[in-house]
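J.:
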Amino acid sequence: MPFLPKLSRRGFLLGAGQAVAVGAAWPGIGRAMQSHGDKIAPNTASPNFNPDVELELVCRPDSAPILQGAPTRVWRYVANLVKGPENTLTVLPNSYLGPILRFTTGQKIRIRLHNELPEPTITHWHGLHVPMLMDGHPMYVIDPGEIYVYEFEMRNRASMNIYHPHPHEATSTQVYRGLAGAIIVNDEEERALGLPSGEFEIPIIIQDRTLNDDNQLVYGGGMHMDMIGFQGERILVNGRPDYRVDVASRAYRLRVMNGSNARIYKLAWDDGTPLTVIGVDGGLLERPEVKSYVMLAPGERLDLWADFSGRAVGSKLVMGNAPFRGGLPPMAERMMGGMMGGGLPQTMAFPIFTANVTRAVSDSPKLPQTLSKIVRYEEKDVANLGNPIPIAISAGHMSMLLNGAPYGEDIQPRERIPVDTVQLIDIFHEGGGGQMGGMRHGMMGRGMMGRGKGGMGMGGMGMMGMMSMAHPIHLHGEPFQIVGRVFDGDPDGGYDTMREGFINSGWKDTVLVPPGERVRIAKPFHDFKGRFMYHCHNLEHEDMGMMREFSVE
Ligand code: C2O
Ligand code: CU
Ligand code: CU
């Protein structure tokens with residue numbers, strides 16, 4: 166069977182009140198919400214917690230204008246500030262996306278989540294270092310009409326993070342309907358740099374959607390879409406099609422997030438101007454990095470310095486997807502480039518948003534050459550040098566797993582982690598992912614990149630090779646450092662079209678692992694015991710069970 170994604174009118178309409186119909190047609194929904202043990206009472210407010218910021222966050226069906234004509238039925242986050250600085254909430258105009266939540270490091274935050282959806286949900290703060298009870302673990306889903314109270318202190322440094330639902334087996338559909346938003350954290354180290362702010366700091370939240378002739382969201386069904394993940398026919402930025410932003414001829418800070426379910430982007434400016442990267446998932450880099458393109462997978466963020474100085478009024482600059490291969494299984498890439506050409510194959514260029522220079526100004530801030538201090542982990546810092554914890558990506562014909570097992574209650578011995586340690590973790594494709602089969606350990610060298618017995622799989626081509634695609638692997642909790650990447654896959658598999666686009670120098674919480682590559686990370690597990698998820702952030706994969714958890718003890 167070909168991996169033909171069902172994208173178009175043959176797919177299913179998603180709208181308020183249609184969850185049952187969709188559930189009948191799409192097995193992922195039918196399986197949703199099966200009991201994970203006894204239901205736990207939703208967390209309530211603690212009288213001893215004195216918040217600096219308090220807000221009500223409601224998930225509910227609504228409608229939003231996306232295309233000309235009929236509004237689109239969506240599910241969305243709506244927020245109301247009860248206490249705290251006025252700039253805490255920024256509503257994106259005409260968008261189904263939730264408001265931007267702006268916090269400061271050290272703040273005590275209380276958020277009351279109201280579920281006004283027709284099905285259970287729970288919200289996760291992607292990137293934040295919070296206790297398990299505050300992390301949106303699927304076991305804490307609340308029913309329609311219920312309220313879950315989150316209370317935590319902002320421990321993260323300045324960074325852009327995400328809030329989105331995390332109910333097991335329904336994350337992809339809830340996000341697709343519109344439930345997502347950005348969290349921006351500010352701190353003193355960042356403030357001292359005087360980076361562009363206010364109107365000169367622009368969120369760029371990239372998603373892909375398919376809408377039908379009535380402007381309603383379409384979500385393709387079936388096993389083939391599950392296997393590669395949803396690929397929409399239209400790019401939205403901040404919930405808007407054909408996104409345009411008017412800029413002055415000066416420097417801007419673009420806060421980019423890939424909020425798509427499964428689509429990976431290779432970001433590049435259309436005129437060949439390089440991208441100046443100042444930060445990633447977990448905040449600012451030590452120094453800017455200049456790249457001709459940057460890969461951005463679902464769940465990843467990018468902080469860009471975009472300088473329009475010297476550009477003429479009336480000129481424009483387009484950020485688009487540059488063609489790449491290796492993101493999807495080769496068969497799916499061929500089919501999307503051919504008969505599915507009406508969509509937006511990754512192997513082709515397409516625009517994402519346009520910056521129109523509409524104002525000339527003479528002064529602009531200068532790019533700081535030093536941005537932040539990052540202390541790199543060394544051998545002495547890690548608890549398991551020479552014995553990295555494996556995260557094996559196991560892609561079979563009908564399954565997407567990690568370490569050969571689906572999401573469940575069983576914790577494997579290697580998933581038990583002593584609290585307050587830093588662990589080396591190897592993320593790799595079982596079977597090597599490429600035609601060359603398993604990776605050679607010897608390439609990893611000594612020290613932090615030294616030989617690991619992460620449990621390389623069987624090697625060889627077969628179904629594993631045919632299903633090989635890039636997976637964005639996300640770990641909850643504190644961000645991690647990338648220690649190294651080793652590629653030993655098929656030299657013709659497309660890796661060369663991506664390899665210059667990875668930012669490996671900053672703090673990350675999501676890392677793209679192309680076929681044939683092994684990524685070694687150093688991941689801290691400080692402060693909080695309990696269960697913390699790790700999963701593929703291709704949300705269809707996550708919902709298929711490509712998710713497990715660490716037990717921090
Ligand atoms: Cu952005 Cu566990 O998710
Ligand atoms: Cu997360
Ligand atoms: Cu995946």
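So the sequence shown is residues 166 to 718, counted in the working numbering.
Note that beta-carbon positions come from the ideal geometry of N, C-alpha and C, so glycine has one too.
Keep in mind it's a predicted model, so treat the numbers as computed, not measured.
Using only the heavy atoms of ligand 3, determine whether one of them is closer than 8 Å to the beta carbon of Asn703.
T.: Counted from its first residue, the sequence shown places residue 703 at position 538. Answer for Asn703: yes, Cβ within range of ligand 3.
J.: So which of Gln396, Gln588 and Gln646 has the shortest CA-CA distance to Met500?
T.: The residue labelled residue 500 in the question sits at position 335 within the sequence shown. The shortest Cα separation from Met500 among Gln396, Gln588 and Gln646 belongs to Gln396.
J.: Given 8 Å as the limit, tell me if Ile287 has its C-beta closer than that to any heavy atom belonging to ligand 1.
T.: Your numbering for residue 287 matches position 122 in the sequence shown. Because no heavy atom of ligand 1 lies under 8 Å away, the Cβ of Ile287 does not count as near it: no.
J.: Let me make sure I understand the geometry here. Which of Ala433, Val243, Gly249 and Arg418 has the alpha-carbon closest to that of Asp472?
T.: The residue given as residue 472 occupies position 307 in the sequence shown. When only C-alpha atoms are compared, the closest one is Arg418.
J.: Alpha carbon to alpha carbon, what distance is there between Asp227 and Val522?
T.: As a position in the sequence shown, residue 522 is number 357, starting the count at 1. As a position in the sequence shown, residue 227 is number 62, starting the count at 1. Roughly 34 Å between the two C-alpha positions.
J.: What is the DSSP secondary structure of Met712, counted as helix, strand or coil?
T.: Reading the sequence shown from its first residue, position 547 is the one you call residue 712. Here Met712 sits in strand by DSSP.
J.: Could you round the C-beta distance between Ala687 and Val584 to whole angstroms and report it? I think they count as a contact, below 8 Å.
T.: Reading the sequence shown from its first residue, position 522 is the one you call residue 687. Reading the sequence shown from its first residue, position 419 is the one you call residue 584. Actually they do not touch by this definition, with Cβ atoms about 16 Å apart.
J.: Taking 8 Å as the limit between beta carbons, can you name the residues of its chain near Thr270, skipping five residues before and five after?
T.: Numbered from its first residue, the sequence shown carries residue 270 at position 105. Cβ neighbours of Thr270 beyond the five flanking positions: Met319, Arg320, Asn321, Arg322, Ala323, Val350, Asn351, Asp352 and Glu353.
J.: Quick one: Cα of His289 to Cα of Gly447, how far?
T.: Within the sequence shown, the letter at position 124 stands for residue 289. Within the sequence shown, the letter at position 282 stands for residue 447. About 16 Å.
J.: Could you tell me the distance, in whole angstroms, from the CA atom of Glu311 to the CA atom of Ser527?
T.: As a first step, residue 311 is located in the sequence shown; it is residue number 146 there, counting from the start. As a first step, residue 527 is located in the sequence shown; it is residue number 362 there, counting from the start. Each residue's alpha carbon lies about 54 Å from the other.
J.: Between Ile307 and Thr286, how many whole angstroms is the CB-CB distance? I'm expecting something under 8 Å.
T.: The residue given as residue 307 occupies position 142 in the sequence shown. The residue given as residue 286 occupies position 121 in the sequence shown. That pair is a contact at about 7 Å.
J.: For Tyr341, report the span of its alpha helix (DSSP H) as first-last.
T.: Translated into the one-based positions of the sequence shown, residue 341 becomes position 176. It spans Thr336 to Tyr341 - the alpha helix (DSSP H) in which Tyr341 sits, taken as one unbroken run.
J.: Please list, in chain order, all residues of the same chain as Pro689 whose beta carbon is under 6 Å from its beta carbon, the five residues on each side excluded.
T.: Against the sequence shown, residue 689 aligns to sequence position 524. These residues qualify, in order along the chain: Val587 and Glu643.
J.: I'd like to check one pair, Ile582 with Arg405: are the Cβ atoms closer than 9 Å?
T.: Residue 405 sits at position 240 when you count from the first residue of the sequence shown. Residue 582 sits at position 417 when you count from the first residue of the sequence shown. The Cβ atoms of Arg405 and Ile582 do not sit closer than 9 Å to each other.
J.: Compare the Cα-Cα distances from Ile369 to each of Gly437, Gly301 and Arg409 and report the closest residue.
T.: The sequence position of residue 369 within the sequence shown is 204, counting from 1. Here the closest residue by C-alpha is Arg409.
J.: With a threshold of 8 Å (Cβ to nearest heavy atom), would Pro689 be considered close to ligand 3?
T.: Locating residue 689 in the sequence shown gives position 524, where the first residue counts as 1. Outside the cutoff, so no.
J.: First and last residue of the alpha helix (DSSP H) that includes Arg356?
T.: Residue mapping note: residue 356 aligns to position 191 of the sequence shown, counting from 1. Unbroken alpha helix (DSSP H) run through Arg356: Glu353 to Arg356.
J.: According to DSSP, which residues form a beta bridge with Met565?
T.: As a working mapping, residue 565 is identified with position 400 in the sequence shown. According to DSSP, which records beta bridges pairwise, Met565 is partnered with Ala560.
J.: By alpha-carbon positions, which one of Asp661, Glu251, Ala206 and Asn280 ends up nearest to Leu298?
T.: Counting from one through the sequence shown, the residue named residue 298 turns up at place 133. Answer by Cα proximity: Ala206.
J.: Quick check: does the Cβ of His639 come within less than 8 Å of any heavy atom belonging to ligand 2?
T.: Within the sequence shown, numbered from 1, the residue matching residue 639 stands at position 474. Yes, Cβ of His639 sits closer than 8 Å to a heavy atom of ligand 2.
J.: Is His706 near ligand 3, judged by its Cβ being under 8 Å from some heavy atom?
T.: Taking the first residue of the sequence shown as position 1, residue 706 is located at position 541. Yes; taking the cut-off as 8 Å, the Cβ of His706 has a heavy atom of ligand 3 nearer than that.
J.: I'd like to confirm the pairing. Which residues does DSSP put opposite Ile590 in its beta bridges?
T.: Taking the sequence shown and counting its residues from 1, the one referred to as residue 590 is at position 425. For Ile590, which the question treats as bridged, DSSP gives the partners Ile554 and Ile686.
J.: Consult DSSP for His333 and reduce its assignment to one of helix, strand or coil.
T.: Within the sequence shown, residue 333 is the residue found at index 168, counting from 1. For His333, the secondary structure class from DSSP, reduced to helix, strand or coil, is coil.
J.: When you measure from the CB of Asp692 to every non-hydrogen atom of ligand 2, does any distance come out below 8 Å?
T.: Position 527 of the sequence shown, counted from the first residue, corresponds to residue 692. Not so, every heavy atom of ligand 2 lies at least 8 Å from the Cβ.
J.: Out of curiosity, what's the CA-to-CA distance linking Gly658 and Met631?
T.: As a working note, residue 658 is residue 493 in the sequence shown. As a working note, residue 631 is residue 466 in the sequence shown. Taking the straight line joining both Cα atoms gives about 11 Å.
J.: Alpha carbon to alpha carbon, how far is Ala235 from Ser480?
T.: For the purposes of this step, residue 235 is taken as the residue at position 70 of the sequence shown. For the purposes of this step, residue 480 is taken as the residue at position 315 of the sequence shown. The alpha-carbon atoms of Ala235 and Ser480 are separated by roughly 33 Å.
J.: Consider the C-beta atom of His594 and the heavy atoms of ligand 3; say whether any pair is separated by less than 8 Å.
T.: Here the question's residue 594 lines up with position 429 in the sequence shown. Flag unset: Cβ of His594 not near ligand 3.
J.: What do you get for Ala335, buried or exposed, if any count of 16 or more other CB atoms within 10 angstroms of its CB means buried?
T.: Working through the sequence shown from its first residue, we reach residue 335 at position 170. Per the 10 Å Cβ criterion, buried.
J.: Of the choices Tyr313, Leu278 and Ile274, whose alpha-carbon is the least far from that of Val295?
T.: The residue labelled residue 295 in the question sits at position 130 within the sequence shown. Closest option to Val295, Cα to Cα, is Ile274.
J.: Label Asn703 either buried or exposed according to how many other C-beta atoms from any shown protein chain fall within 10 Å of its C-beta, with 16 as the threshold for buried.
T.: In the sequence shown, residue 703 corresponds to position 538, counting from 1. Asn703 should be labelled buried.
J.: Between the C-alpha atoms of Leu550 and Arg541, what's the straight-line distance to the nearest angstrom?
T.: Sequence index remark: in the sequence shown, residue 550 carries index 385 (1-based). Sequence index remark: in the sequence shown, residue 541 carries index 376 (1-based). Those two C-alpha atoms are separated by around 15 Å.
J.: Less than 8 Å between the CB of Ile719 and some heavy atom of ligand 1, yes or no?
T.: Only positions 166 to 718 of the chain appear in this structure, which leaves residue 719 out of reach.
J.: Ordered along the chain, which non-local residues of its own chain (more than five positions away) have a Cβ less than 7 Å from that of Tyr572?
T.: On the sequence shown, residue 572 is found 407 positions in, with the first residue counted as 1. Same-chain partners within the cutoff: His333, Gly710, Met712 and Arg713.
J.: Hey, would you say the C-beta of Asp674 is under 8 Å away from at least one heavy atom of ligand 2?
T.: Walking along the sequence shown from the start, residue 674 turns up at place 509. Indeed, a heavy atom of ligand 2 lies less than 8 Å from the Cβ.
J.: Expressed to the nearest angstrom, what Euclidean distance is found between the alpha-carbon atoms of Pro578 and Phe645?
T.: Your numbering for residue 578 matches position 413 in the sequence shown. Your numbering for residue 645 matches position 480 in the sequence shown. The straight-line gap from Cα to Cα measures roughly 21 Å.
J.: Smallest Cα separation from Val455: which of Asp692, Gly666 and Thr675?
T.: The sequence position of residue 455 within the sequence shown is 290, counting from 1. It is Gly666 whose Cα lies nearest to the Cα of Val455.
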